Ligand SMILES: Nc1ncnc2c1ncn2[C@@H]1O[C@H](COP(=O)(O)OP(=O)(O)OP(=O)(O)O)[C@@H](O)[C@H]1O
Ligand SMILES: [Mg+2]
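Residue numbers (the working numbering): 4 to 292.
Spelled out as structure tokens, the structure:
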């Protein structure tokens, strides 16, 4: 059974404009995918394609318009309060901006310990030991614990955000553009750290990015989103070796990653896939073609 199942997820935003007609933004428009235990799954697509909105639904930071999200086969909607509390430990976010999860006024050690305090785990002493262990895991030494977020570099801040996300022993970490704000070399170190943690801790990752190189490096399966829909999904290797959807090919070409077979034919580019269903074009490889 997959760890995470997203089925027919829809999220619309209604924008009311004074003295004008109301617009409905179809941010996520009926997407389905699964993430297995210990797997690294990529969600890729251009700006505005609905990646963050999908992540926010999965993290329960916003309520879906329709569709179902299940963990261990259990729909979130029908979970008891106790199950939801447990779920909060199971699924953790890491955002592009570490300030989103770090209190600027607190020493970062306290931010890392906070989830343990909130969930009433351990004693002050055992929490301290756990925080130090987490700091080791993200490759920072203890001297960083007493610093405030603005006294750390961007890469160090993201390591602290990661330590905080790991504090409760999650099974799934949802990473929304976790290295986009960092210099390439610092980002690469964080990416390597993530891959090591995924392997050592058996974490599942939902890795959201617009960077195809990262997707190729980090994920085993990928879904390509465009305008709120998944236009192609398969093993990452298959998508890079033989992209089937024109939009995927365009993305690969733009990133200079197109294989010969996947070269762009501009004539293929259609503006809308609304009516074309996902079809299995090869085993486990689905595309709206
Ligand atoms: N709270 C909101 N209210 C209204 N519209 C929203 C809201 N949040 C997102 N949208 C719209 O939904 C669409 C998808 O946005 P989303 O942030 O999910 O895209 P994204 O793929 O994460 O883009 P990016 O790569 O720039 O982060 C966009 O058109 C966006 O303007
Ligand atoms: Mg986003």
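Virtual Cβ for every residue (Gly too), placed ideally from N, Cα, C. Keep in mind that this is a model prediction, so the values were computed, not measured.
Buried or exposed by the 16-neighbour rule on C-beta atoms within 10 Å, applied to residue i
{"i": "residue 179", "result": "buried"}
{"i": "residue 154", "result": "exposed"}
{"i": "residue 11", "result": "exposed"}
{"i": "residue 85", "result": "exposed"}
{"i": "residue 46", "result": "buried"}
{"i": "residue 126", "result": "exposed"}
{"i": "residue 222", "result": "buried"}
Contact under 8 Å by Cβ, residue i with residue j
{"i": "residue 173", "j": "residue 93", "result": "yes"}
{"i": "residue 55", "j": "residue 8", "result": "no"}
{"i": "residue 103", "j": "residue 211", "result": "no"}
{"i": "residue 184", "j": "residue 100", "result": "yes"}
{"i": "residue 31", "j": "residue 158", "result": "no"}
{"i": "residue 147", "j": "residue 68", "result": "no"}
{"i": "residue 49", "j": "residue 213", "result": "yes"}
{"i": "residue 111", "j": "residue 151", "result": "yes"}
{"i": "residue 87", "j": "residue 177", "result": "no"}
{"i": "residue 160", "j": "residue 109", "result": "no"}
{"i": "residue 168", "j": "residue 240", "result": "no"}
{"i": "residue 284", "j": "residue 292", "result": "yes"}
{"i": "residue 229", "j": "residue 52", "result": "yes"}
{"i": "residue 44", "j": "residue 204", "result": "no"}
Closest residue to residue i among the options (Cα-Cα distance)
{"i": "residue 90", "options": "241, 122, 104, 260", "result": "122"}
{"i": "residue 288", "options": "29, 224, 162", "result": "224"}
{"i": "residue 27", "options": "18, 117, 194, 34", "result": "18"}
{"i": "residue 33", "options": "73, 125, 13, 113", "result": "13"}
{"i": "residue 207", "options": "35, 42, 126, 117", "result": "42"}
{"i": "residue 66", "options": "53, 80, 75", "result": "80"}
{"i": "residue 74", "options": "64, 279, 39", "result": "39"}
{"i": "residue 186", "options": "282, 156, 44", "result": "156"}
{"i": "residue 138", "options": "126, 116, 21, 127", "result": "116"}
{"i": "residue 280", "options": "35, 23, 64", "result": "35"}
{"i": "residue 143", "options": "82, 78, 196, 278", "result": "196"}
Segment limits, beta strand (DSSP E) that includes residue i
{"i": "residue 18", "result": "7-18"}
{"i": "residue 195", "result": "Per DSSP, residue 195 belongs to no beta strand (DSSP E); it is in the alpha helix (DSSP H), 187-204."}
{"i": "residue 210", "result": "207-212"}
{"i": "residue 70", "result": "69-74"}
{"i": "residue 126", "result": "Taken as a continuous stretch (DSSP letters only), residue 126 belongs to no beta strand (DSSP E), as it is neither H nor E."}
{"i": "residue 224", "result": "224-229"}
{"i": "residue 282", "result": "282-285"}
{"i": "residue 95", "result": "94-97"}
{"i": "residue 234", "result": "232-238"}
{"i": "residue 255", "result": "Taken as a continuous stretch (DSSP letters only), residue 255 belongs to no beta strand (DSSP E), being part of the alpha helix (DSSP H) at 249-257."}
{"i": "residue 184", "result": "Note, residue 184: premise wrong, no beta strand (DSSP E); not H, not E."}
{"i": "residue 290", "result": "288-290"}
7 Å Cβ shell around residue i - same chain, five flanking residues per side excluded
{"i": "residue 192", "result": "158"}
{"i": "residue 215", "result": "47, 254, 255, 258, 260"}
{"i": "residue 145", "result": "135, 138"}
{"i": "residue 201", "result": "43, 208"}
{"i": "residue 278", "result": "none"}
Extent of the continuous alpha helix (DSSP H) run through residue i
{"i": "residue 219", "result": "215-221"}
{"i": "residue 28", "result": "Here residue 28 belongs to no alpha helix (DSSP H); instead the beta strand (DSSP E) covers 26-38."}
{"i": "residue 45", "result": "Run containing residue 45: none in the alpha helix (DSSP H); it sits in the beta strand (DSSP E), 43-47."}
{"i": "residue 163", "result": "157-169"}
{"i": "residue 61", "result": "54-61"}
Close beta carbons around residue i, own chain, < 8 Å, minus the five adjacent residues each side
{"i": "residue 251", "result": "227, 234, 235, 242, 265, 290"}
{"i": "residue 272", "result": "Here residue 272 scores only 46 on pLDDT, less than 50, and its place in the model is too uncertain to base an answer on."}
{"i": "residue 97", "result": "104, 161, 164, 165, 168, 176, 177, 178, 179, 181"}
Close beta carbons around residue i, own chain, < 6 Å, minus the five adjacent residues each side
{"i": "residue 269", "result": "Residue placement at residue 269 is poorly supported in this model, since its pLDDT is 46, which falls under 50; the coordinates are not used for a value here."}
{"i": "residue 171", "result": "92, 118"}
{"i": "residue 141", "result": "162, 165, 166"}
{"i": "residue 149", "result": "110"}
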